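Structure first, then comments.
Residue numbers (our numbering): 1175 to 1414.
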């Protein structure tokens, strides 16, 4: 008896001239081109002894795959439209990089298993122009830093690999000044307008320091006061 084998691994062996690697087999399966006993199947499906595998031509995508592609495209359009309505816009752009305004409520990059199609990076090609006259153009614009989901503000995006390397180095060496503005319930440290303090709190066991400066404070019936502050991170911890 032959032990059950994953579809992607077996297909890359059976059809070496068309899909010679497991990764190519995975793409073919997602397009509905590989059938097990005349039925489409996941690339992770187990193929048992006696099953018949069929590889459809690249032009013969199944109706299910075509419908999935159509729905994926429609979802991408809906998501990008929602980002633009929420405020996504281009603040500066050239052939190497761009600065865009990221609205609150959307992740910059995928994390924790979330779908890449639901991140701001997925919406960038719709609002940025394709670079012209460069040999190091990236396949898709890439954010060189992150803004947390709940944060709105300026996001630096690379469109070419040279710009990506340069900008990443600038952020890594802390040559980029970051300034956040926040609204606090109450008055932090009883500071007067214009006064500042250093706030230190560990994040994931590592020290995190932020310079907080009060811009304005107004009375509030329930909270006592609402305070507009400037926040300058001295360290770059996640969710600082």
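Glycine is no exception: its CB is placed at the ideal position from the N, C-alpha and C atoms. The structure presented is a predicted model; accordingly, all values stated were derived computationally and were not measured.
Cβ-Cβ separation, residue 1353 to residue 1370 (assumed contact under 8 Å), whole Å: Rounded, the Cβ-Cβ distance is 13 Å, inconsistent with contact.
Extent of the continuous beta strand (DSSP E) to which residue 1321 belongs: Unbroken run through residue 1321: none, as it is neither H nor E.
Contact check, residue 1264 vs residue 1280, beta carbons under 8 Å: no
Cα-Cα separation, residue 1403 to residue 1185: 59 Å
Per-residue burial, residue 1257 [other beta carbons within 10 Å of its own, 16 or more giving buried]: buried
Whole-angstrom distance between residue 1373 and residue 1232, CA atom to CA atom: 59 Å
Per DSSP, the bridge partner or partners of residue 1225: Answer is none; residue 1225 lacks a bridge partner.
Short Cβ contact (8 Å threshold) for residue 1210 with residue 1182: no
Residues bridged to residue 1406 (per DSSP): 1385
Start and end residues, alpha helix (DSSP H) containing residue 1230: Premise fails: residue 1230 is in no alpha helix (DSSP H) and is neither H nor E.
Residue range of the beta strand (DSSP E) that includes residue 1333: 1327 to 1334
Three-state class that DSSP yields for residue 1178 in the structure shown: coil
Extent of the continuous alpha helix (DSSP H) run through residue 1298: 1294 to 1301
CB contact flag (residue 1253, residue 1296, <8 Å): yes
Close-in-space but distant-in-sequence residues of the same chain around residue 1307 (CB under 8 Å, 5 per side omitted): 1269
Beta-bridge pairing of residue 1210 - partner residues as DSSP gives them: 1213, 1227
Candidates 1228, 1337, 1292, of which the one nearest residue 1272 by Cα: 1337
Status (buried if at least 16 other CB within 10 Å, exposed otherwise) for residue 1226: exposed
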